[in-house]
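Structure, as structure tokens:
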Amino acid sequence: MSEPTASLGDAEALKASSPKLPGAAQQSAAPIYAALDLGTNNCRLLVARPDRSGGFRVVDSFSRIVRLGEGLAHTGDLCEDAIGRAVAALAICRDKMAARGVTRARLIATEACRQAANGGRFLDRVKRETGLDLEVIDRATEARLAAAGCASLADPAAGGVILFDIGGGSSEVVWLERRGGGPGALAMRAWASLPVGVVTLAERYGGVKVTTAVFEDMVAEVGRLLEAFPERETLAASLSDVHLLGTSGTVTTIAGVHLGLPRYERRLVDGQWMATTDVTRVVESLKEMSYDQRCQNPCIGPDRADLVLAGCAVLEAIRRAFPVARLRVADRGLREGLLVEMMREDGVWRRRGPRRRGRRS
Numbered sequence: 019m020s021e022p023t024a025s026l027g028d029a030e031a032l033k034a035s036s037p038k039l040p041g042a043a044q045q046s047a048a049p050i051y052a053a054l055d056l057g058t059n060n061c062r063l064l065v066a067r068p069d070r071s072g073g074f075r076v077v078d079s080f081s082r083i084v085r086l087g088e089g090l091a092h093t094g095d096l097c098e099d100a101i102g103r104a105v106a107a108l109a110i111c112r113d114k115m116a117a118r119g120v121t122r123a124r125l126i127a128t129e130a131c132r133q134a135a136n137g138g139r140f141l142d143r144v145k146r147e148t149g150l151d152l153e154v155i156d157r158a159t160e161a162r163l164a165a166a167g168c169a170s171l172a173d174p175a176a177g178g179v180i181l182f183d184i185g186g187g188s189s190e191v192v193w194l195e196r197r198g199g200g201p202g203a204l205a206m207r208a209w210a211s212l213p214v215g216v217v218t219l220a221e222r223y224g225g226v227k228v229t230t231a232v233f234e235d236m237v238a239e240v241g242r243l244l245e246a247f248p249e250r251e252t253l254a255a256s257l258s259d260v261h262l263l264g265t266s267g268t269v270t271t272i273a274g275v276h277l278g279l280p281r282y283e284r285r286l287v288d289g290q291w292m293a294t295t296d297v298t299r300v301v302e303s304l305k306e307m308s309y310d311q312r313c314q315n316p317c318i319g320p321d322r323a324d325l326v327l328a329g330c331a332v333l334e335a336i337r338r339a340f341p342v343a344r345l346r347v348a349d350r351g352l353r354e355g356l357l358v359e360m361m362r363e364d365g366v367w368r369r370r371g372p373r374r375r376g377r378r379s
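Just so we're aligned, residue 19 is where the sequence shown starts under the numbering used here, counting upward by one.
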């Protein structure tokens, strides 16, 4: 995959040193980077090395639904079962990083660990049992990393994009404005982090049987939060030159259903354009499905069947707040943003000389 073209993160390059990985191989001549994102719903790892085209090649990856935020909205704590699932997934990530000889890594946790009263004890247990030091990032950093990971998918002819990342416990919405007219001139104009995601909404409203009234209640809640989006009126006046850019399991699921895929394929989904009429059609079809039908759909499955309509409600609220004609789907996000920022900070592309055209992963 190529390096995102946005100028995000250049002025605030990350200075944090890489955590030491237990059992990691000795540093090799070619640096190998790892990015780990422990969210409210998923644990994801990406291991990559920089390539000569100014991007990077993925050498290993891992993704598992752990539902770390299960029950958090009701109790204020991470429950023991969720902690166990997360620790087990993180141990797999540790082993993968050691096997690949990772030389630099950044390991982040997001909303569930920000909210949980026992979040600190959870991080201590992770350190004790896996040797991994997780960094709980704030919402501003999460929004910036999402933008850095996805900005290369923005239409270079558009005046800007509304990027959104629908997470398990929070959802980030970012207005990226094109400045200077060049393809790499995107910059953050405004952003907001909404304290709702697919897990929190599904637990509050239910995710198995979702009536039209319940769906509209979820949309209304998210819509009220979006009313405070900074510079909303200014953005509303320029929507004719803006498109949506979405990253999350919600939008990738919608794209997979739209394409009628017999099984989910990232290469067909990442970068897919959808007209607003197509998005509406898919969302309506998902609302009409029973829980069992959602479980049986190859692009949803039983792990997401009770969450997908909550995600659709967040998406619907964003679409109503910012009615634009097109949506581009990104199967990339925080991990890619982490990799790009680490590699930029290390200057790996400058050291490797002029960019040459090459195959992208």
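Just so it is clear, CB atoms sit at the ideal spot from N, CA and C, and this is done for glycine as well.
Span of the alpha helix (DSSP H), counted from its first residue to its last, around Phe-233: The sequence position of residue 233 within the sequence shown is 215, counting from 1. Looking at the DSSP string, the run of the alpha helix (DSSP H) that includes Phe-233 is 230-244.
Those residues which DSSP pairs with Phe-74 across a bridge: As a working mapping, residue 74 is identified with position 56 in the sequence shown. According to DSSP, which records beta bridges pairwise, Phe-74 is partnered with Pro-68.
Distance CB(Ala-176)-CB(Asp-310) smaller than 9 Å: As a working note, residue 176 is residue 158 in the sequence shown. As a working note, residue 310 is residue 292 in the sequence shown. Not in contact: Ala-176 and Asp-310 (Cβ atoms no closer than 9 Å).
Touching by the beta-carbon criterion (3+ pairs, under 8 Å), the region 307-322 and the region 344-356: no
Straight-line Cα distance separating Gly-102 from Thr-93: Taking the first residue of the sequence shown as position 1, residue 93 is located at position 75. Taking the first residue of the sequence shown as position 1, residue 102 is located at position 84. Straight-line Cα distance between these residues: approximately 17 Å.
Euclidean distance between Cα positions of Ala-205 and Trp-193: Numbered from 1 along the sequence shown, position 187 holds the residue referred to as residue 205. Numbered from 1 along the sequence shown, position 175 holds the residue referred to as residue 193. Those two C-alpha atoms are separated by around 8 Å.
Nearest-angstrom Cα separation, counted from Pro-320 out to Pro-280: By 1-based counting over the sequence shown, the position of residue 280 is 262. By 1-based counting over the sequence shown, the position of residue 320 is 302. For Pro-280 and Pro-320, the distance between alpha carbons rounds to 15 Å.
Spatial distance of Leu-219 from Ala-328 (CA atoms): In the sequence shown, counting from the first residue as 1, residue 219 sits at position 201. In the sequence shown, counting from the first residue as 1, residue 328 sits at position 310. Distance between the alpha carbons of Leu-219 and Ala-328: 6 Å.
Nearest neighbour of Phe-80, chosen from Leu-54, Val-226, Glu-283, Ile-50 [CA to CA]: Mapped onto the sequence shown, residue 80 falls at position 62. Of the listed residues, the one whose Cα sits closest to Phe-80 is Leu-54.
Pairwise C-alpha distance: Arg-196 and Glu-153: Within the sequence shown, numbered from 1, the residue matching residue 153 stands at position 135. Within the sequence shown, numbered from 1, the residue matching residue 196 stands at position 178. Rounded to the nearest angstrom, the two C-alpha atoms are 31 Å apart.
Cβ pair Arg-346, Val-216 closer than 9 Å: What you label residue 346 is simply residue 328 of the sequence shown in a count that begins at 1. What you label residue 216 is simply residue 198 of the sequence shown in a count that begins at 1. No, the pair does not count as a contact, with Cβ atoms beyond the cut-off.
Residue ranges of each beta strand (DSSP E) within the region 161-185, 3 or longer: 178-184
Helix, strand or coil at Asp-321 according to DSSP, with G and I counted as helix: Indexing the sequence shown from 1 puts residue 321 at position 303. Coil, per DSSP.
Simplified DSSP assignment, three categories, for Thr-295: Position 277 of the sequence shown holds residue 295. Helix at Thr-295.
Spatial neighbours of Tyr-51 in its chain, beta-carbon cut-off 6 Å, leaving aside the 5 residues before and after: Counting from one through the sequence shown, the residue named residue 51 turns up at place 33. Closer than 6 Å at Cβ, skipping near neighbours: Ala-66, Arg-122, Leu-357, Met-360.
Val-228: CB within 8 Å of a non-hydrogen atom of the ligand HEM: Among the ligands in the structure shown, none appear at all, so the ligand HEM cannot be discussed.
Close beta carbons around Val-105, own chain, < 8 Å, minus the five adjacent residues each side: Position 87 of the sequence shown, counting from 1, holds the residue named residue 105. For Val-105, where only same-chain residues beyond five positions count, the Cβ hits under 8 Å are Arg-143, Val-144, Glu-147, Thr-148.
Inter-stretch contact at 8 Å, needing at least 3 Cβ pairs: the region 155-163 / the region 73-89: no
Buried or exposed (CB count within 10 angstroms, at least 16 for buried), Trp-367: Residue numbering aside, residue 367 sits at position 349 when the sequence shown is read from its first letter. Flag for Trp-367 reads buried.
With 16 other Cβ atoms within 10 Å as the buried cut-off, status of Glu-129: Here residue 129 is taken as the residue at index 111 of the sequence shown, counted from 1. Result: buried.
The region 295-309 contacting the region 322-338, beta-carbon criterion three pairs below 8 Å: yes
DSSP-derived helix/strand/coil call for Glu-354: In the sequence shown, residue 354 corresponds to position 336, counting from 1. Glu-354: helix per DSSP, three-state reduction.
Glu-363 versus Gly-264: straight-line alpha-carbon distance, rounded: The count along the sequence shown starts at 1 and reaches residue 363 at position 345. The count along the sequence shown starts at 1 and reaches residue 264 at position 246. If you take the alpha carbons of Glu-363 and Gly-264, they lie about 26 Å apart.
Contained alpha helix (DSSP H) runs [length at least 4] in the region 72-154, N- to C-terminal order: 90-93, 98-117, 129-133, 137-148
Cβ-based burial, Gly-365 [other Cβ within 10 Å; buried from 16]: Position 347 of the sequence shown holds residue 365. Looking at its Cβ environment, which holds fewer than 16 other Cβ atoms inside 10 Å, Gly-365 is exposed.
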